[in-house]
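The structure appears below as structure tokens.
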Amino acid sequence: QVQLVESGGGLVQPGGSLRLSCAASGSLFSIAAMGWYRQFPGNQRELLATISSLGSPYYADSVKGRFTISRDNAKNTVYLQMNSLKPEDTAVYYCNAQDTLLRDYWGKGTLVTVSS
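So the sequence shown is numbered by the numbering used here: it starts at 17 and just counts up by one.
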């Protein structure tokens, strides 16, 4: 089992930045990749970025160039640096971990609101 706890969400003005954190615990040796998703009301979760155990990142086109995913293996933490935020980035952001058996684990989510 893997437990994930997100933090760092909140209210930010358009054009501003936020950094989300996801602290992982549990069976960390089984994690193959971690990532960030977001969910708009009434919609499915949207993949934003992933990072492999070797540190290789992947970005969805919608956030490429604005968001950066990184990981600190010593702290068992994955980050999502979000820059140039827009009102349409307002959503609940979720941390995801996928293990070597392709099982998904999710955090409870953190709300990001971009508004003036």
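Think of the CB as a built atom: it goes at the ideal place given N, C-alpha and C, for glycine as much as any other residue.
Next on the checklist: Our contact map puts residue 92 next to residue 40 with C-beta atoms below 8 Å; I'd like the distance itself, whole angstroms only.
Outcome noted: 5 Å
Checklist entry - Alpha carbon to alpha carbon, what distance is there between residue 112 and residue 38? => result 9 Å
Item to check | Straight-line gap, residue 74 to residue 25 (C-alpha atoms, nearest Å) | outcome: 22 Å
Checklist entry - Hey, how far is the Cα of residue 55 from the Cα of residue 128? => result 10 Å
Checklist entry - Since residue 83 sits in a beta bridge, which residues does DSSP pair it with? => result 98
Item to check | Minimum C-alpha distance to residue 130 - residue among 19, 109 and 76 | outcome: 109
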